[in-house]
Ligand code: TGC
Ligand code: FAD
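Below, the structure written as structure tokens:
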């Protein structure tokens, strides 16, 4: 505890790392965090306003992200970097401090497309896809949601039936990140043996992808509808090691973990922007940061940002120790997205009218976070998962 004035002065309080969490990271984690932060500063920030405005994702960055070792970074072997979970989380945080679209790209590639192949694929499937995906030569997507089944994917209509040794896949998947730019889609479909995962390469006869336009959120990210019209797939297109909803749902744990961290990056950018603005914007003859009501907003942001980042780090350490349950991830996703969105809205208010333009990053982050609140399990679904965990009573239906 700080007891003297002198000790207090020696301990410089950093408004962006108030609790000194940096000291809780090891050298490798810090190095990865700094590398990604620099890359975001040099490669994302100069272009993001334009990409978001035009509704584009600069797909050429896939190879750069691969060059930094970030695609499938928390997986081992097959050309993947094999980092710990905290390093993956820090990467998500720094990417999302730039834009949620970049974290989404890395989440989908590493956690939703590569992870199921790595966890449930045959050795041949792993050899065929993972090294090229780690290099960014092959882009993947993950098709679970359907037009009529979002929160309740177990009722999906997409189905695959056997025809000799082949499979015939039919159905529609909706809201699929990276859908039209993907070289391979990991598609979940009902079969006689329960829900199974299929690897569907781009160009498969009957497989089409159409982008969803006019989004006002995650504009620097590709979101598509995938249609499978009697697609004939070979016997080895199916992931052999998993059957049932456990397959897609366990994959989601990986990406949800990345979101727990990522949204704290978006929140940090919003807080930092509002803090800077509050010190230079003068009204009634003084900086608005000098008004008690503004300070209360900034302090609320500071508190939630630090709590959320601490929670992410705690969950990361639990994951690295093999102690993380899916319900822990739900707690992190529920809290951190909710609080990040509140921080973004509060930060926007501090900028007044300036807060509604793309000249500042806040409204972009705020709009992005609306998608993040919904995807990977809405906040209602995570509330129900936690409600069931503590009462033992299921309240989904
Ligand atoms: P339920 O009957 O509870 O369970 C079925 C089987 O699955 C197991 N299980 C899990 N396993 C691992 N991890 C989890 N989180 C699991 N949750 C359930 C369970 O043990 C059981 O296994 P078994 O072997 O006994 O059969 O499942 P349910 O159908 O009742 O569903 C429960 C519910 C509502 C929680 C689930 O459907 C759900 O999470 N819904 C939300 C859907 C969702 O999150 N969709 C996300 C789509 S992907 C996406 O949004 C990507 S965005 C990408 C980006 O751009 O970043
Ligand atoms: P619905 O399930 O229709 O829910 C509507 C509302 O009802 C929500 O508020 C929900 O919480 C509430 N609700 C539903 N059931 C209950 C209940 N039992 N109790 C209380 N409230 C309930 N999916 C993929 O498979 N792959 C992807 O790559 C992907 N990327 C996405 C990218 C973006 C930008 C977006 C926006 C979505 C993406 N999704 C993806 C889809 C996403 O996972 C779904 O949108 C999400 O699961 C919610 O489904 P829904 O939109 O159909 O909403």
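Numbering (our numbering), first residue to last: 2 to 398.
Note that beta-carbon positions come from the ideal geometry of N, C-alpha and C, so glycine has one too.
It should be emphasised that the depicted structure is a prediction, and the values quoted were computed from it without experimental measurement.
If residue 309 and residue 246 are in contact, beta carbons under 8 angstroms, what's the gap, nearest whole angstrom? In fact, because the Cβ distance is near 29 angstroms, the residues do not count as touching under 8 angstroms.
Run through DSSP, which three-state label would residue 163 get? strand
Would the stretch 140-160 and the stretch 172-182 be scored as touching if the rule is three or more Cβ pairs under 8 angstroms? yes
Just mark residue 349 as buried or exposed, buried being the case when its beta carbon has 16 or more other beta carbons within 10 Å. buried
Since I believe residue 175 is in contact with residue 209 (beta carbons under 8 angstroms), could you give me their beta-carbon distance rounded to a whole number of angstroms? Contact flag wrong, Cβ pair sits at about 13 angstroms.
Residues in its own chain within less than 6 angstroms of residue 159 by CB, not counting five upstream and five downstream? 172 and 190
Can you name, in chain order, every residue of its own chain whose Cβ lies under 7 angstroms from the Cβ of residue 336, other than the five neighbours on each side? 309 and 312
Any chance you could list the alpha helix (DSSP H) runs of at least 4 consecutive residues sitting entirely within the stretch 330-385, in chain order? 363-375
In whole angstroms, what separates the C-alpha of residue 341 from that of residue 334? 10 angstroms
Assign residue 19 to buried or exposed, taking buried as 16 or more other Cβ atoms, counted over all protein chains shown, within 10 Å of its Cβ. exposed
Who does residue 200 pair with in a DSSP beta bridge? 187
Distance, Cα to Cα, residue 3 vs residue 273? Note that residue 3 scores a pLDDT of 49, beneath 50, so its modelled location is shaky and nothing firm can be said.
Touching or not, the stretch 20-31 and the stretch 283-295, by the rule of three or more beta carbon pairs under 8 angstroms? no
What's the call for residue 269, buried or exposed, on a 16-neighbour Cβ count within 10 Å? buried
At a threshold of 7 angstroms, does residue 152 count as lining the ligand FAD (C-beta to nearest heavy atom)? yes
Three-way DSSP call (helix, strand, coil) for residue 134 in this model: helix
Contiguous alpha helix (DSSP H) assignments of at least 4 residues, all confined to the stretch 74-107: 86-99 and 101-107
For the stretch 298-307 against the stretch 226-233, do three or more pairs of beta-carbon atoms, one drawn from each stretch, fall closer than 8 angstroms, so that the two count as touching? no
Residues that DSSP places opposite residue 211 in a beta bridge: 226
Going by CA-CA distance only, name the one from 238, 286 and 285 that's closest to residue 124. 238
Taking DSSP's pairing of strands, which residues face residue 288 in a bridge? 283
Taking the C-alpha atoms as reference points, what is the distance between residue 207 and residue 162? 15 angstroms
Which residues in the same chain have their Cβ closer than 6 angstroms to the Cβ of residue 241, if we skip the five residues on either side of it in sequence? 123
Please go through the same chain and pick out, in chain order, the residues whose beta-carbon is closer than 6 angstroms to the beta-carbon of residue 369, but skip the five residues on each side of it. 101, 218 and 219
Where the alpha helix (DSSP H) containing residue 53 begins and where it ends: 46-55
Hey, is residue 327 close to the ligand TGC, as in C-beta under 7 angstroms from one of its heavy atoms? yes
Do residue 108 and residue 259 have their CB atoms nearer than 8 angstroms? yes
I'd like to confirm the pairing. Which residues does DSSP put opposite residue 147 in its beta bridges? 150
Bridge partner(s) assigned by DSSP for residue 195: 192
So residue 308 is in the alpha helix (DSSP H); what residue range does that whole segment cover? 293-321
Near residue 85, what residues of its chain come up, given a Cβ to Cβ distance below 6 angstroms and the 5 sequence neighbours on each side ignored? 321
Hey, would you say residue 351 sits closer than 8 angstroms to residue 275, going by beta carbons? yes
Of the listed residues 77, 73 and 133, nearest to residue 1 (C-alpha basis): Shown here, the chain extends from 2 to 398; a query on residue 1 therefore has no answer.
Cβ neighbours of residue 92 in the same chain (closer than 6 angstroms, five flanking residues each side left out): 37 and 71
Let me know the secondary structure DSSP gives residue 275 once reduced to three states. helix
Is the closest heavy atom of the ligand FAD to the C-beta of residue 109 under 7 angstroms? yes
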